[in-house]
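Below you'll find the structure, written out as structure tokens, and then a few comments.
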Amino acid sequence: MAIQSVKLKPGINREGTRYTNEGGWYDGDKIRFRQGTPEKIGGWTRISASVFLGVCRSLGNWVTLGGQNLIGAGTHLKFYISNVGNYNDVTPIRATVSLTNPFTTVSGSATVTVTDANGGYINGDYVTFSNASAVGGITIDGEYVVSSSAISAAGTYTITAASNASSSATGGGTVSAAYQINVGNAFATILTGWGASSWGSGAWNVGESSVAPVRFWSQSNFGEDLIFGPEGGSIYYWDATNGVTTRGVLLSSLGGASNVPIFQNIILVSDISRFVFCFGTNEVGSATLDPTLLRWSDQEDATNWTPSAINQAGSLRLSRGTKIVAASQARQEILVWTDSSLYSLQYVGAPAVWAATLVGENISISSRNSVAYANGIAYWMGKDKFYMYDGRSQPLQCDVRKYVFNDFDTDQYGQVFSGTNEAFHEVWWFYCSSGSTTIDSYVIYNYLEKIWYYGTLARTAWLDSGLRDKPLAATYNLNLVDHETGIDDNIGATAAAISAYVVSSDFDIGDGDRFSLVNRVIPDVSFDGSTATNPVTTMTLYALASSGSGYNSPASEGGSSNATITRTASSPVEVFTDLINIRVRGRQLAMKFESSAAGVTWQLGTSRLDIRPDGRR
7 MAIQSVKLKP GINREGTRYT NEGGWYDGDK IRFRQGTPEK IGGWTRISAS
57 VFLGVCRSLG NWVTLGGQNL IGAGTHLKFY ISNVGNYNDV TPIRATVSLT
107 NPFTTVSGSA TVTVTDANGG YINGDYVTFS NASAVGGITI DGEYVVSSSA
157 ISAAGTYTIT AASNASSSAT GGGTVSAAYQ INVGNAFATI LTGWGASSWG
207 SGAWNVGESS VAPVRFWSQS NFGEDLIFGP EGGSIYYWDA TNGVTTRGVL
257 LSSLGGASNV PIFQNIILVS DISRFVFCFG TNEVGSATLD PTLLRWSDQE
307 DATNWTPSAI NQAGSLRLSR GTKIVAASQA RQEILVWTDS SLYSLQYVGA
357 PAVWAATLVG ENISISSRNS VAYANGIAYW MGKDKFYMYD GRSQPLQCDV
407 RKYVFNDFDT DQYGQVFSGT NEAFHEVWWF YCSSGSTTID SYVIYNYLEK
457 IWYYGTLART AWLDSGLRDK PLAATYNLNL VDHETGIDDN IGATAAAISA
507 YVVSSDFDIG DGDRFSLVNR VIPDVSFDGS TATNPVTTMT LYALASSGSG
557 YNSPASEGGS SNATITRTAS SPVEVFTDLI NIRVRGRQLA MKFESSAAGV
607 TWQLGTSRLD IRPDGRR
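Numbering-wise (the numbering used here), the sequence shown opens with residue 7 and increments by one.
As structure tokens, then:
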């Protein structure tokens, strides 16, 4: 038999067995498909050596009237605005109090007890002291972290000073203490026992379980300024004219503010006439959060939330679902997801102003950040499938659905987030794999080629290119990285290799009733873009003696050992297509291409095999 091309369908398919997907790809990591062939994904580089505090769950990007390209980054501890790689702490202040002789030191210890009967602080909160005088040989000045282990009903807590006290004493004089808003949770935590869940959800005196939520932020631009806030908290305003080092303030504290919502779960500024929306909020005159209520400010006025005949402020309550989960600006509409339905909000003018139309029922959504909008279509991850909305909501056909949702930590649905990589026509979803409390996996839908692929990667937030040249992501290393930059992992000070591979499904001659012999291979690999002097990829042919048996079948069963073919090119050689002589025998074969060295990138073409029948045994 003559040498034949091995042409495989693009995308990874895990909905069946390796054999039922004959003619396709079955597994991979850190690869994508472009024009039908797999290639290694691009690398990433940190934007600066600076780091922030906390796990970042929200990213936003805008440009001021002065031309500053700014990034808003919300973590479970703080909120930052980044410019030119610096992370400026703009976390709002919850309370500022004056304390008299609040510090108590112990000789030889850096632990300082602080007395503040005003309360409101919790474990991990940040407080800044100023104007203090020395006590016990040390001066408490600057930012400190509140320790929960010593928080008492009497109104005391501890902090850790920069050095040990030289004596035991109480003092400090008249001290100003500025408390930042309470910190949130970095990860979802399982709670158990009485009172952990909703009333009546469990048997009497037995208790129920619940999940302590992750700290999420909303952020949306109002001109060159920023409106932002933590889920379940207040609304804050950051004024660009005051500079990147100034903190956000309560929106309700601005001049002319009227009935600004006390709580919000999601904030969004509409593209149409700049209405400020709150989803999951309190009614006017109420201090109770309603998870299905949405309110909007007057047109072009972020401070006026009092409905009247002379403005367009208003509210709506959605009837389907128990809470609003997500909201996204789409083309000429705002899409709003509850836990069981999808609504379209459209501007209709006075007196109704905004009208809600039910456009999807009996759906699910995994998290507030699981929605991505690309090419005029909204995509999101549900709790057991993927969906799309292009004027009507419908399930999205997915070739890796079973694989993804079988490898999913359902306690961590809230951490799921999405993002687009429009340069490659991709929607990414990041999630926690089974047994993991941190995000370690991703799945990609290529909406141009309508194919899927997946892999492993630890990220916490994503922002596509737009006002920036490259997609931006937040990491557990507490920094931001530009993606599709270079070909290596430059998250640290030195470059590290990105290991990538792709594995085909099993294929055979006919229906596998005969053994096949492969004695020649012509791999088709492009090394274009590699920076290594001798870029290397490895091609492995796996042989099966019978369908359902394991690879590397012994010769006594008629099979042969697998063949590993390492291809080394000399830079700047672009494509390697040399003929290689091998001997591999089996009923079914599979191919794997991989690389694990720094400075190597590759794209596969159409490999060719000299494959021929070789008897029934």
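Glycine included, each C-beta is placed from N, C-alpha and C at the ideal position. The model shown is predicted, which means the values in this text are computed figures rather than measured ones.
- With at least 16 other beta carbons inside 10 angstroms of its own, L478 counts as buried.
- Between F269 and the set W223, A194 and N248, the nearest pair of CA atoms involves W223.
- G142 places its beta carbon less than 9 Å from that of V118.
- DSSP, reduced to helix, strand and coil, places R407 within a helical segment of the structure shown.
- Bridge partners of Y93 according to DSSP: S88.
- Taking the C-beta atoms as reference points, T426 is found nearer than 9 Å to Y379.
- The three-state reading of DSSP puts F414 in coil, since its state is none of H, G, I, E or B.
- Judged by DSSP secondary structure, F39 falls within the beta strand (DSSP E) whose first and last residues are I37 to R40.
- In the three-state scheme derived from DSSP, where H, G and I count as helix and E and B as strand, N310 is classed as strand.
- Judged by DSSP in its simplified three-state form, T166 adopts strand.
- Contact annotation: L324 and S347 have beta-carbon atoms nearer than 9 Å.
- Beta bridge pairing from DSSP links K598 with V509 and T546.
- Note on the segment 122-192: whole beta strand (DSSP E) runs with a minimum of 3 residues are 132-136, 148-151, 162-166, 175-177 and 180-186, in chain order.
- Taking the Cβ atoms as the reference, S276 lies roughly 6 Å from F283, within the contact range of under 8 Å.
- It is roughly 23 Å from the alpha-carbon of L300 to the alpha-carbon of M394.
- The alpha-carbon separation between S240 and P267 amounts to approximately 7 Å.
- Beta-bridge partners assigned by DSSP to H489: W50.
- The beta carbons of V606 and G34 sit about 16 Å from each other, so the pair does not count as a contact at 8 Å.
- The distance from the Cβ of L486 to that of R221 is about 18 Å, inconsistent with a contact at the 8 Å cut-off.
- About 59 Å separates the Cβ atoms of D512 and E149, ruling out a contact at the 8 Å cut-off.
- Cβ-Cβ distances below 6 Å link V250 to I87, N89 and N94 in the same chain, with the five nearest sequence neighbours on each side left out; the list follows chain order.
- The segment 522-531 and the segment 98-114 do not touch, with fewer than three beta-carbon pairs separated by less than 8 Å.
- The three-state secondary structure of T363, taken from DSSP, is strand.
- D446 sits close to T462, with the two beta carbons spaced by under 9 Å.
- When only Cα atoms are considered, A168 and G161 end up about 23 Å apart.
- Put simply, the backbone Cα of L76 is about 10 Å away from that of L65.
- Listed in chain order, the non-local C-beta contacts of I187 below 6 Å within the same chain comprise P98 and R100, local neighbours out to five positions each way being set aside.
- Per the Cβ contact rule, the segment 449-457 is not in contact with the segment 413-425 (fewer than 3 Cβ pairs under 8 Å).
- In the DSSP assignment, P401 is bridged to Y393.
- Per DSSP, R63 is one residue of the beta strand (DSSP E) stretching across C62 to V69.
- Distance check between T26 and each of S601, A596 and G611 places A596 closest, using alpha-carbon atoms only.
- DSSP, reduced to helix, strand and coil, places S347 within a strand of the structure shown.
- C284: member of the beta strand (DSSP E) spanning V282 to N288, first to last residue.
- Exposed is the label assigned to R337, since fewer than 16 other Cβ atoms lie within 10 Å of its Cβ.
- Residue S279 holds the alpha-carbon nearest to the alpha-carbon of D307 among T287, S279 and K329.
- In the DSSP annotation of this structure, W608 is not part of any beta strand (DSSP E), being labelled neither H nor E.
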